[in-house]
Amino acid sequence: MADKSYLQDAGWPVSVEYENERGRILVMDSMGYVDSRCDVSDVLVCGSHSATCSAQLAARARPRGIIAHDGGMGKDRGGISGHKYWEDLRIPGASTKASSARVGDGQDIWKRGTLSAVNAIAEQMGVKVGMTVQEAAKILLNTPQPQPPTERKQIVLADTPAGKAIGIDTVIYSDERMKDTLMVMAGHTGKAFAKYVFALPFDLRGIVNIDGGESADGSGFNGMPLFEEKGMPVAVCSIDTCRIGDAQDVWDSGIVNIVNEPARKLGVREGMTGKEAGLLILEGTKPQG
């Protein structure tokens, strides 16, 4: 249990009301007290209203969560206008009902407060209107924050009788839509990338990627032997010719500087463009009959 010690700094007290292996719950009368005493692992309970001007002060610490006062809500729910600001920063936030605890008094909010409003992230974590501040703060401390779904952006770079070339800026964007296609990637062709590819629950026809530049020990292309063992044709473009993180540019501007043996057997050579290499791989791996 926390010793409820006060972290003194220039006369602005911050009390530790609860602590465990994940972090602390800190209580203070104003969001203006947020400073170097507050950490990303803390939940902050503050006496200030939750309008955007105050919300910005507490957000500086990027804490696990913030609970403040609703200031009586007021016109256009201005007393909790900072909830959206916190959401945009992926900070779960909630506000205390004005009639349940005194504004500007962090200890009263901690001891008596009940919630009148929560933002979407806090709600996803299980925090609800009507909860006590203490219950909500412990949920924010102990519950991992839900992660937003990844937008799996894919670009059809070629759609030919021999098959499709699909561009992705990172391998994480791969999914079943890429089954039996050519992957055009804009990352590196190291061992970590190869492990991602081999874990996919579908087969690819081949890969065009980037060499990782001068990464130490050839780590930007040391996955090539692994692809060769699997018989997968891979062509790698120089990072000096195309932008990392931009599959369209790999296709349009990339110049191949490394070719594995399965790709070489299909006619791919150093000096070709990413597009030329990719179309050769598609043509050479198209289903027969």
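Going letter by letter, the sequence shown gives residues 6 to 294 in my numbering.
Quick reminder that beta carbons are idealized off the backbone N, C-alpha and C, glycines included.
These numbers come from a predicted model, not from an experiment.
When C-beta atoms of the region 155-169 are compared with those of the region 219-228, fewer than three pairs fall below 8 Å, so the two segments do not count as touching. With distances taken between CA atoms, V48 lies nearest to A141 out of T186, V239, A141. Distance check between L231 and each of T246, G272, K143, V202 places V202 closest, using alpha-carbon atoms only. Per the coordinates, the alpha-carbon of Q139 lies some 58 Å from the alpha-carbon of E233. For L285, the CB contacts under 7 Å within the same chain, skipping 5 residues up- and downstream, are L271, G272, V273 in chain order. Under the 10 Å beta carbon count, R157 is surrounded by fewer than 16 other beta carbons and is classified as exposed. Of all alpha-carbon atoms in L145, Y178, G135, the one lying nearest the alpha-carbon of P154 is that of Y178. Per DSSP, M130 lies in no beta strand (DSSP E) segment and is marked neither H nor E.
W115 is positioned such that its CB atom lies no closer than 9 Å to that of V189. If you check the CB distance, G259 and T175 do not come in under 9 Å.
DSSP places K80 outside any alpha helix (DSSP H), giving it a letter other than H or E.
With a 10 Å radius around the Cβ and a threshold of 16 neighbouring Cβ atoms, P206 comes out exposed. Of the residues D185, M183, R182, I173, the one whose Cα lies closest to the Cα of H193 is I173. A check of alpha carbon separations from V241 across W17, R67, A73, G217 identifies G217 as the nearest.
From the listed residues R95, L287, S121, the smallest Cα separation to A103 is found for S121. Beyond the five residues adjoining it in sequence on each side, D180 comes within less than 6 Å, by CB distance, of R157 in the same chain, given in chain order.
Taking the Cα positions, D257 is about 41 Å away from P149.
By the criterion of at least three beta-carbon pairs nearer than 8 Å, the region 48-60 is in contact with the region 69-79.
The Cβ-Cβ distance between N214 and V255 falls below 9 Å. Listed in chain order, the beta strand (DSSP E) elements of length 3 or more contained wholly in the region 20-89 are 28-33, 48-54, 70-74. Cβ contact annotation for S243 (same chain, cutoff 7 Å, sequence separation greater than five): D216, I260, N262, in chain order. I114 carries a helical assignment under DSSP once its states are collapsed to helix, strand and coil. Within the model, the alpha-carbon separation for D245 versus E219 is close to 10 Å.
When beta bridges are read from the DSSP output, S100 appears opposite A73, A122. With a contact defined as Cβ atoms closer than 8 Å, S35 and S55 miss out at about 12 Å. DSSP lists D164 as the bridge partner or partners of K169. Collapsing the DSSP output to three states places G211 in a strand. In the three-state reduction of the DSSP assignment, A240 falls in the strand class, which pools E and B.
Between V21 and R29 the beta-carbon gap is near 5 Å, inside 8 Å, which marks them as a contact. The straight-line gap separating the alpha-carbon atoms of V108 and G77 is approximately 9 Å. Between the C-alpha atoms of E288 and H88 there is a straight-line separation of about 54 Å.
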